[in-house]
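Colleague:
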Ligand SMILES: O=C(O)CCC(=O)C(=O)O
């Protein structure tokens, strides 16, 4: 069985810069991911170098909820942490659909798992993924797989549809990378929230502005994020961060192209000089200690 997108789905992705596919994964897959999260968390918490594997939400004083479990914000590079995550990254229900959008030569550019825990889950401010890791062309997308039902209350993804045709500035006036869109978008578009049941996959163009609200509800909103790129999309080198990012890419299908393709909107080269996470950068803490192989 193969799982290509329909022509209508491809057209919607091209128009909006995103596409929601419900029931991409089923209950059994979700149970396996749930168990993989449990195991990966337990392993990481038992290790001194856990900061390479997980990122915690800010302390209790940061957002005021008494919790009796670790307040995990993110599992870093889940592809490396458990077979169940690798299985999803190579699963034809995901990769066939990515192939419909990017072609048959595909790499996993990086993976991460945002935990957005009940009551304390951090917001993600408006940004474009490619602002963090510009490529020679726009053949880059992320698949966001909801592991829990995602609602507006628990901070589902929101997007600015149809705004994936240029790079927006993510820098502060003095020049530092802010990790969020810092210019006015004119005309100001209406955000579209993307609530969807657990098992849904959102195919998100690398230039589609997106964000999510904090989770103030009593339900977790965990999301596995798999970023893929076409075989002819090569990262633009802008410093050691590019090298560290490339350490986590993995072949998925076909092969890397001999010739890089240059195309699409002109990238803005980010002024990032450390490997802080998106959350730290957006909170204005870009100087956090370097964390090898963490992905933003
Ligand atoms: O988890 C979310 O709400 C958005 C995730 C995201 O954009 C990111 O981690 O780059």
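In our numbering, the protein residues as written are 405 to 700.
Even for Gly, the Cβ is constructed at its ideal location relative to N, Cα and C.
This one's a predicted model, so the numbers in the text were calculated from it and none came from an experiment.
Less than 8 Å between C-beta atoms, sequence neighbours within five positions excluded: which residues of the same chain meet that for residue 460?
Modeller: For residue 460, where only same-chain residues beyond five positions count, the Cβ hits under 8 Å are 474, 475, 476, 477.
Colleague: Helix, strand or coil, according to DSSP, for residue 422 in the structure here?
Modeller: In this structure, residue 422 counts as strand in the three-state DSSP scheme.
Colleague: According to DSSP, is residue 494 part of a helix, a strand, or is it coil?
Modeller: Three-state result, residue 494: helix.
Colleague: Which one of 541, 508, 601, 688 has the shortest CA to CA distance from residue 669?
Modeller: Among 541, 508, 601, 688, the Cα nearest to that of residue 669 belongs to 541.
Colleague: Select from 458, 565, 645, 429 the residue whose C-alpha is nearest the C-alpha of residue 442.
Modeller: Selected option, being the one with the closest Cα: 458.
Colleague: Taking 8 Å as the cut-off, decide whether the C-beta atoms of residue 621 and residue 558 are in contact.
Modeller: Cβ distance < 8 Å, so residue 621 and residue 558 count as in contact.
Colleague: Leaving out five residues on either side along the sequence, give the residues of the same chain with a beta carbon under 7 Å from the beta carbon of residue 618.
Modeller: Within the same chain, residue 618 has close Cβ partners 525, 526, 527, 559.
Colleague: Is any heavy atom in ligand 1 found nearer than 7 Å to the beta carbon of residue 629?
Modeller: Because some heavy atom of ligand 1 lies under 7 Å away, the Cβ of residue 629 counts as near it: yes.
Colleague: State the start and end residues of the unbroken beta strand (DSSP E) segment that holds residue 513.
Modeller: Unbroken beta strand (DSSP E) run through residue 513: 510-518.
Colleague: Based on DSSP bridge pairs, tell me the residues matched to residue 605.
Modeller: DSSP lists 425, 549 as partners of residue 605.
Colleague: Taking 7 Å as the cut-off, is the C-beta of residue 645 nearer than that to any heavy atom in ligand 1?
Modeller: Outside the cutoff, so no.
Colleague: If you draw a straight line from the C-alpha of residue 508 to the C-alpha of residue 482, how long is it?
Modeller: Spanning the two alpha carbons is a distance of roughly 24 Å.
Colleague: So the beta strand (DSSP E) residue 655 belongs to, where does it begin and stop?
Modeller: Element bounds for residue 655: 654-657.
Colleague: Consult DSSP for residue 627 and reduce its assignment to one of helix, strand or coil.
Modeller: Note: residue 627 maps to strand in three-state DSSP.
Colleague: Have a look at the DSSP bridge pairing and note the partners of residue 536.
Modeller: Residue 536 pairs with nothing; no bridge assigned.
Colleague: State yes or no: is the C-beta of residue 653 within less than 8 Å of the C-beta of residue 511?
Modeller: Closer than 8 Å, so yes.
Colleague: Beta-carbon of residue 660 versus every beta-carbon of chain D: anything under 8 Å?
Modeller: Protein chain content of the structure displayed is limited to a single chain, and chain D is not contained in it.
Colleague: Counting pairs of Cβ atoms below 8 Å between the region 527-536 and the region 575-584, do you hit three or more?
Modeller: The region 527-536, when compared against the region 575-584, does touch it at the 8 Å Cβ threshold.
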